[in-house]
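To convert, take the position in the sequence shown, counting from 1, and add 17; that gives the numbering used here. Here the structure is laid out as structure tokens; the discussion comes afterwards.
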Amino acid sequence: MRFRLLGPLRIEADGPPVRITAPKQRTILGLLLARAGHVVPTRSLVTEVWDRPPRSAVANLRTYLMQLRKQIPSVAERLTTSGAGYLLRVEPHELDLVQFEALAAHGRQALARRDLAAAGAAFASALELWDGTAAEDVPLGPTLREVVARLTTGYLGVVEQYAEIQLALGGHAAVAKHLREVLGQHPLHERLYGQLMVALYRGGDMAGALEAFAAARRVLADELGIDPGPELGRLQQAILRRDPSLLATEPPSPPGPPGRAIGGSAVPAGKAAEAVHPAGTGEPGGPGGRPRQLPRPPAVFVGRTAELALLRALGDDTGGPRVLALHGPGGVGKSALALTAAHAVADRFPDGQFYVDLQGATSGLTPLRPAEVLGRFLRALDVPAGEVPAGPAEAATRYQSLLADRRILVVLDNAADAAQVAPLLPAGPGCAALVTSRSALTTMDAVPIAVGLLEEEQARAMLAALAGPERVAAEPRAAAEIVRWCGNHPLALRIAGARLAGRPDWSLARFGERLGNRQRRLDELQVAELRVRSCFEVSYGLLSRTAKTLFRLLGVLEVPEVSVELAAALADVGPGPAEAALDELVEARLLEPAAEGRFRGHDLLRLFAAELAEAYDAPQEREQAVRRALNWYLGLCHQAHGLLQPHLGAGTAGDGSGVLLRDPAEAARWLDTELPCLVAAATQAARGEPEQARFVTELMRHVKAMAMKGGYWRELEAVARLAIEVARRDGDRAGEAVTLTSLGLLEWRSGQVEAARTLLRRALELRQELGDPGEEGLALHNLGWLSMQTGDLDAALAHMRAGLALLAGHERLGLVTHNVGEVLLRLGRAAEAAATFGRCLALRRADGDVYGESITLAALGRAHALLDQRVQALATLERALARCLETGNKEDQWEVLLSRSEILLRQGDPAGAEAALLPAVELSARIGDAYGEAACTRQLARARTVLGDPRATADARRAETLFADPRLRRDPVLERLVTSGYSADVRPAVCPATSVSA
């Protein structure tokens, strides 16, 4: 039996290879194989499978293991369970990673004995075990990620050592062929280019060797914006002068770094090395083993005041931190911040400063091995090359011994993970370290510092510093647009500034227009060696296949945030694989957590994802993904609508969305969270074919009432404008009628009464043409509602009663009955209104209409208050408040609190009134209800006056200012209620205190 991890996870028995299809089971089996023969604690398996384990994690783990046992009986025989965890028994010859490490060790031992034939055979056998990247199809948790990193480092080390042996044995052509294949997968690995150049030169292909150098220079410039390292440059010069030592084929050195590396470049050991490293040059350092390796700090650096304050405490005499770890997405300036801070504190470390780019997030370039870095550092400390320990543990011990009594700063830039960094952290009390990485190195003993995007002012300052402050000052609006298109992303701003600096003939407005084109934006954000795409490609290239697919599809759906369940629908996978992929994207800093279970991507990353989707996913696949996402949204809207207004025919059962909204409160919270995404989805859907665009009119029906009562008027208007365009374009007359009603309400709110009346009349005409008496009755009611708002109360009653005649048994009977009561209140017939609201309440409760119940309870409470029925009023308002909170009805909630405060004031409880009014003022201001804010502030001044609170004067002035706005509409019923205690003349007017409906 054979177990394979050096490639896709496979189990080979007598028949064909067995593939584990479930991602979580692959993770579990992968970790058990990586720790074969050892007990893996249950908690370790849980941590590997789930970033945020559910409560049922252990039970789920047992289920997955039971399924593994059933699927692969041979595994069941070898898997044992104990109180400590799980153990998988595997013989060494059955597991490819154990074989690989054993063969690699045999090769190094043979090389130490100068037995090149045996070493070459062992290395060749080790490389033949690989069939792709390690654990290629396994979702990786923290432990497996470190295992894979170790295996990949080991693989490239064997490739290099095998190439050295073949070069020594004269197999130049075979080496060149093999290295070209490996460079196809790892095109940024400078060490391999050095070996390829030597192989080609020794094979008589000098032009090919120079072209290999040229290829390295092109790739490094395109991908990283850097030149080849100095060793590779010296090797090129040796080839150009036909240095005879390049043809020497002395055996390679015993184990240890097969070639010396600076900045990731290397050439073979032996005589070829001497050609480019004259004796005694050593590693970059300073006099007497005092390394001075810090690169120059960035010429332009803005902001980061808080982060720099923390970093400047590094190694101070007040007990400041000894290890600081910066983490954040690619391109946000972690390295620039680290170098700025390192230069600022360098004088605290008179014995030197180390710097190394660990290549942890460099596409195609393997992260540096700790042993290789230790070798560099030791040579910089004047340890002769021949005395640098070959073993990593021995090298680490020597390194720590040399640093024990020194004051040295170690800057470890671009780290891959904690395992890479740990051996390099100085233990000496006088030393300190700065580490940068994309993912947070949470298992490392360090103070973490998150580095994010720049603040808007900092971003403008950076653009000004690069493009010229006078140009930014001359075109402030265009500068703000450029900052917006760059998304406050430091790398994007650096590129934009560099492009503007290179084109003084451009106006900022012109460049902003170019950036405003979504299809061209990433093309515009590149200059010389700098490209935003390259920064993103590094992280994308390290993803698993599932995470890559999900990332691309996230670029297809133009919404600002996604949940786990939406991601699952988008990618057409289960919630488990979707969550694992999202976690991987967060780890790669291609997404950021927005809230519990929600994720957000930067605008530039979404553009990058959309480009990838267009390149790799067929149009039909992209279209189907969007359709799945839109259906997911509609399914949840259907659920929410069904919970809040079940009498309208919406269901509440599960709809395949993976989410079950349990009650009206949860439905209201879901809408609060998703509404910005729903508007974005509607904007995208409106551009599509009729089948896709229908989403907009369906969404309009579902969310209209919830958006109105939740105070989401801007969102409602955005959807309504889209919906009317779609309905008219696609000939959907019923959808047009629904939308005209909402547009009529919006026009009335903006003060355009006649425009509102025209729209509502057109809606009535459409309903009459469609021949639906019930909908016609609702349209008549809507005209009555507008008449009520304009003060024509007789016409309002006439329209509403005409509508009621057509609505017998209709699901909207409660709505129209309610608004009849509102008209009666305005007519001063409070007792009749209370009776009408009572009948309406019975209708709505019979329908299960909790949303409508919250509205009618609020109105009934006002009626009782106007009748001075204080006990009934308070009890009714208490029930109304509970329903408003449950359903997210913010519009009526502040009215309930205001009415309640009036009763409490009448009963001599000004403190209770103040307690009710404080949230009412805040809520009415938040939803943009000008009258509500003014009336609640005025009432607050009244309560505080009674309490003797000096703040009452300021409240009264604030209320006076708000009421002075000529656009403000007063609610005549509330004015009558709350101003009864005032002697001031109050001019009744109109206000949106009731509901209109389609």
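All C-beta atoms, glycine included, are put in the ideal place defined by N, C-alpha and C.
DSSP-derived helix/strand/coil call for Leu23: Counting from one through the sequence shown, the residue named residue 23 turns up at place 6. In the three-state reduction of the DSSP assignment, Leu23 falls in the coil class, being assigned neither a helical nor a strand state.
How big is the Cα-Cα spacing for Arg718 and Val755? As a position in the sequence shown, residue 718 is number 701, starting the count at 1. As a position in the sequence shown, residue 755 is number 738, starting the count at 1. So the alpha carbons of these two residues sit roughly 7 Å apart.
Strand pairing of Val215, partner residues [DSSP]: Position 198 of the sequence shown, counted from the first residue, corresponds to residue 215. Per DSSP, none; premise fails for Val215.
Helix, strand or coil for Ala432 per DSSP? In the sequence shown, residue 432 corresponds to position 415, counting from 1. In the structure shown, the three-state DSSP call for Ala432 is strand.
Between the stretch 773-783 and the stretch 798-805, do at least 3 Cβ pairs fall closer than 8 Å? With the cut-off at 8 Å, the stretch 773-783 and the stretch 798-805 touch.
Kindly identify the DSSP beta-bridge partner or partners of Pro580. Numbered from 1 along the sequence shown, position 563 holds the residue referred to as residue 580. Note that residue 580 corresponds to Ser in the displayed sequence, not to Pro. Beta bridge pairing from DSSP links Ser580 with Arg615.
Using only the alpha-carbon positions, how far apart do Arg639 and Ala143 sit? Counting from 1 along the sequence shown, the entry for residue 639 is found at position 622. Counting from 1 along the sequence shown, the entry for residue 143 is found at position 126. If you take the alpha carbons of Arg639 and Ala143, they lie about 41 Å apart.
Closest to Pro367 by C-alpha separation, out of Arg251, Ala449, Gln437 and Arg900, would be which residue? Residue mapping note: residue 367 aligns to position 350 of the sequence shown, counting from 1. Out of Arg251, Ala449, Gln437 and Arg900, the CA that lies nearest to the CA of Pro367 is found in Ala449.
Extent of the continuous alpha helix (DSSP H) run through Ala710: Within the sequence shown, numbered from 1, the residue matching residue 710 stands at position 693. That run of the alpha helix (DSSP H) goes Pro707 to Gly727.
Specify the secondary structure class of Phe318 as computed by DSSP and reduced to three states. Counting from 1 along the sequence shown, the entry for residue 318 is found at position 301. For Phe318, the secondary structure class from DSSP, reduced to helix, strand or coil, is coil.
Quick check: the Cα distance between Ala941 and Pro592, rounded to an integer number of angstroms? Position 924 of the sequence shown, counted from the start, is the residue given in the question as residue 941. Position 575 of the sequence shown, counted from the start, is the residue given in the question as residue 592. The amino acid occupying residue 941 in the given sequence is Ser; Ala does not appear at that position. A straight line joining the alpha-carbon of Ser941 with that of Pro592 spans about 38 Å.
Would you decide whether Gln1016 is buried or exposed? Buried here means 16 or more other CB atoms lie within 10 Å of its CB. Residue 1016 is absent from the model: the chain starts at 18 and stops at 1015.
Can you give me the C-alpha to C-alpha distance between Glu604 and Leu559, rounded to a whole angstrom? Start at 1 with the first residue of the sequence shown, and residue 604 comes out as number 587. Start at 1 with the first residue of the sequence shown, and residue 559 comes out as number 542. Approximately 11 Å, taken between the alpha carbons.
Would you list the one or two residues that DSSP bridges to Gln543? In the sequence shown, counting from the first residue as 1, residue 543 sits at position 526. According to DSSP, which records beta bridges pairwise, Gln543 is partnered with Arg548.
Distance, Phe616 Cα to Gln641 Cα: Taking the sequence shown and counting its residues from 1, the one referred to as residue 641 is at position 624. Taking the sequence shown and counting its residues from 1, the one referred to as residue 616 is at position 599. If you take the alpha carbons of Gln641 and Phe616, they lie about 22 Å apart.
Three-state class that DSSP yields for Glu29 in the structure shown: Taking the sequence shown and counting its residues from 1, the one referred to as residue 29 is at position 12. If DSSP states are grouped into helix, strand and coil, Glu29 belongs with the strands.
Would you tell me roughly how many angstroms separate the C-alpha atoms of Pro636 and Val576, rounded to the nearest one? Looking up residue 636 in the sequence shown gives position 619. Looking up residue 576 in the sequence shown gives position 559. One C-alpha to the other measures close to 19 Å.
Rounded to the nearest angstrom, what separates Tyr136 and Gln116 at their Cα positions? As a working mapping, residue 136 is identified with position 119 in the sequence shown. As a working mapping, residue 116 is identified with position 99 in the sequence shown. Looking at the sequence provided, one finds Ala at residue 136 rather than Tyr. Within the model, the alpha-carbon separation for Ala136 versus Gln116 is close to 15 Å.
Tell me the rounded alpha-carbon separation between Leu26 and Ala388. Position 9 of the sequence shown, counted from the start, is the residue given in the question as residue 26. Position 371 of the sequence shown, counted from the start, is the residue given in the question as residue 388. Roughly 29 Å between the two C-alpha positions.
Distance, Lys87 Cα to Leu391 Cα: Looking up residue 391 in the sequence shown gives position 374. Looking up residue 87 in the sequence shown gives position 70. Cα-Cα distance, rounded: 47 Å.
Can you give the Cα-Cα distance for Gly831 and Thr996, rounded to whole angstroms? Indexing the sequence shown from 1 puts residue 831 at position 814. Indexing the sequence shown from 1 puts residue 996 at position 979. Taking the straight line joining both Cα atoms gives about 30 Å.
If we call anything under 8 Å between Cβ atoms a contact, is Gly878 one with Ser918? Mapped onto the sequence shown, residue 878 falls at position 861. Mapped onto the sequence shown, residue 918 falls at position 901. In this structure, Gly878 sits away from Ser918, with a CB-CB distance that is not shorter than 8 Å.
Taking the alpha-carbon positions, what's the Val549 to Met223 distance? As a working mapping, residue 549 is identified with position 532 in the sequence shown. As a working mapping, residue 223 is identified with position 206 in the sequence shown. Inter-residue distance for Val549 and Met223 is about 36 Å (C-alpha atoms, whole angstroms).
Does the stretch 393-407 touch the stretch 326-346, meaning 3 or more C-beta pairs lie closer than 8 Å? Counting C-beta pairs with one atom in each stretch, the stretch 326-346 and the stretch 393-407 have fewer than three that are closer than 8 Å, which means they do not touch.
Contact check, Phe568 vs Ala626 under 8 Å by CB: the rounded distance? The count along the sequence shown starts at 1 and reaches residue 568 at position 551. The count along the sequence shown starts at 1 and reaches residue 626 at position 609. By a beta-carbon distance limit of 8 Å, Phe568 contacts Ala626. Their separation comes to about 5 Å.
Supposed contact pair Cys503 and Ala496 - C-beta distance, whole angstroms, cut 8 Å: Indexing the sequence shown from 1 puts residue 496 at position 479. Indexing the sequence shown from 1 puts residue 503 at position 486. A Cβ-Cβ distance of about 11 Å is found for the pair Ala496 and Cys503, leaving them out of contact under the 8 Å criterion.
In whole angstroms, what is the alpha-carbon distance linking Gly865 and His664? Reading the sequence shown from its first residue, position 848 is the one you call residue 865. Reading the sequence shown from its first residue, position 647 is the one you call residue 664. Those two C-alpha atoms are separated by around 7 Å.
Reduced DSSP secondary structure (H/G/I, E/B, other) of Leu205: Counting from one through the sequence shown, the residue named residue 205 turns up at place 188. For Leu205, the three-state secondary structure derived from DSSP is coil.
When DSSP labels each residue in this structure, what does Pro34 get in the three-state scheme? Within the sequence shown, numbered from 1, the residue matching residue 34 stands at position 17. Three-state DSSP puts Pro34 in coil, outside helix and strand.
Buried or exposed: where does Ala597 fall if 16 or more other Cβ atoms within 10 Å of its Cβ makes it buried? On the sequence shown, position 580 is the one that residue 597 refers to. Classification of Ala597: buried, given that the 10 Å Cβ count is 16 or more.
By alpha-carbon positions, which one of Arg424, Gly445 and Met461 ends up nearest to Val438? By 1-based counting over the sequence shown, the position of residue 438 is 421. Cα-wise, what sits closest to Val438 is Met461.
With H, G and I counted as helix, E and B as strand and the rest as coil, what does DSSP make of Asp260? The residue you call residue 260 lines up with position 243 of the sequence shown. DSSP places Asp260 in the coil class of the three-state scheme, outside both helix and strand.
Are Leu22 and Ala122 closer than 8 Å when you measure CB to CB? Against the sequence shown, residue 22 aligns to sequence position 5. Against the sequence shown, residue 122 aligns to sequence position 105. In this structure, Ala122 does not lie closer than 8 Å to Leu22 by Cβ.
Check this for me: beta carbons of Gly869 and Arg861, under 8 Å apart or not? Sequence index remark: in the sequence shown, residue 869 carries index 852 (1-based). Sequence index remark: in the sequence shown, residue 861 carries index 844 (1-based). Going by C-beta atoms, Gly869 is nearer than 8 Å to Arg861.
At the level of alpha carbons, what is the spacing between Leu146 and Leu120? Looking up residue 146 in the sequence shown gives position 129. Looking up residue 120 in the sequence shown gives position 103. Distance between the alpha carbons of Leu146 and Leu120 is about 10 Å.
Name the one or two DSSP bridge partners that Pro465 has. Numbered from its first residue, the sequence shown carries residue 465 at position 448. Bridge partners of Pro465: Ala342.
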